[in-house]
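Student:
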């Protein structure tokens, strides 16, 4: 009897382990440019996951480029001023910086809801954009900063840097998905769902709505910083546009595109978005935004729960992020 829950857990994890194994084999089968595209998509999927986590509490962030840029510029500053190149240390630094920033701003933002929350997140993101743009001696202004290729546990990948970045990003993504799913299955995750459904009832039950939103925002900011750090590794160049409102808008776009019925939905949305954007730009450089807008319109009209609903059309809406496991 005791082995039954373990067996069910292993059976539920088997498809995801198989998918992870397939993704690990992909770089050997795909051209380098497509491997690079997937690396960037996986890194940005962590930022989108952060936006989706906030949506669980019925909060929309229009300023998640703030943490995306914070993580990326942590890599740039650490390399320029501290001469750090180790990927593990840089990732930890990006997580600490973005977490500290979210901890400070969250104290203020947790008091607001709806459009006020969204506009304030946008305002903070644009403040950082202005600072990055004007502090030329520190940030390089519009030219941005070039980041040196990181070493991984003391080893320089050299010619295999692209593949090394892919596996590093894939590993971080798998860890982020597992920890986020675990968090959402915890009392804190259920508190976030309860806040979305009825804040007043949550307060009457003795839980703090503000504390619940604060902790959710903290997790969301850390995920955003982690994604920005990994993009800086792969691209090798960072710019103030990382914090611009259009970048934050892309993250919201991808969240709607993939849906948020599962922690894996942001990954699907991010990969599809990067592929469609690159092909649309190659085929029609002047009207590719119109193509993306048309796709979003079709998704909203015919797949209101996002692309993920194609894979799990019967998943319950009331308890989405942990629906694949029986309790």
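In the numbering used here, the protein residues as written are 1013 to 1339. Here a beta-carbon is modelled for each residue, glycine too, at the ideal position from N, C-alpha and C. Given the structure is predicted, the values throughout are model-derived calculations rather than measurements.
So what does residue 1158 bridge to, in DSSP terms?
Tutor: Partner(s): 1249.
Student: Out of 1042, 1317 and 1307, which has the shortest C-alpha to C-alpha gap to residue 1174?
Tutor: Nearest C-alpha to residue 1174: 1042.
Student: Leaving out five residues before and five after residue 1100 in sequence, what residues of the same chain have Cβ atoms less than 8 Å from its Cβ?
Tutor: So the list reads 1164 and 1165, once near-sequence residues are dropped.
Student: Just verifying my parser: in three-state terms, what is the DSSP assignment at residue 1163?
Tutor: DSSP places residue 1163 in strand when its eight states are reduced to three.
Student: Would you check if there are 3 or more beta carbon pairs closer than 8 Å linking the segment 1109-1117 to the segment 1242-1258?
Tutor: Result no; under three Cβ-Cβ pairs closer than 8 Å.
Student: Is residue 1219 closer than 7 Å to residue 1058 when the C-beta atoms are compared?
Tutor: Not in contact: residue 1058 and residue 1219 (Cβ atoms no closer than 7 Å).
Student: Does the segment 1074-1091 come close enough to the segment 1225-1239 to have 3 or more Cβ pairs within less than 8 Å?
Tutor: Yes, since at least three Cβ pairs between the segment 1074-1091 and the segment 1225-1239 fall closer than 8 Å, the two stretches touch.
Student: Pull the bridge partners of residue 1098 from the DSSP assignment, please.
Tutor: Looking at the DSSP assignment, residue 1098 forms a beta bridge with 1163.
Student: Along the chain, where does the alpha helix (DSSP H) containing residue 1290 start, and where does it finish?
Tutor: Run containing residue 1290: 1277-1295, per the alpha helix (DSSP H) assignment.
Student: In the segment 1202-1235, which residue ranges form an unbroken alpha helix (DSSP H) of at least 4 residues, counting only runs that do not cross its ends?
Tutor: Whole alpha helix (DSSP H) segments, 4+ residues: 1211-1216.
Student: Which value, in whole angstroms, describes the spacing of the CA atoms of residue 1053 and residue 1247?
Tutor: When rounded, the distance between both Cα atoms is 12 Å.
Student: Can you tell me whether residue 1027 is buried or exposed, with buried defined as 16 or more other CB within 10 angstroms of its CB?
Tutor: Flag for residue 1027 reads exposed.
Student: Please classify residue 1177: is it buried, with 16 or more other beta-carbons within 10 angstroms of its beta-carbon, or exposed?
Tutor: It is buried - the Cβ of residue 1177 has at least 16 other Cβ atoms within 10 Å.
Student: From which residue to which residue does the alpha helix (DSSP H) around residue 1130 run?
Tutor: Per DSSP, residue 1130 belongs to the alpha helix (DSSP H) from 1126-1146.
Student: Answer yes or no: do residue 1182 and residue 1310 have a C-beta to C-beta separation smaller than 7 Å?
Tutor: No; because the gap between Cβ atoms is not below 7 Å, this pair is not in contact.
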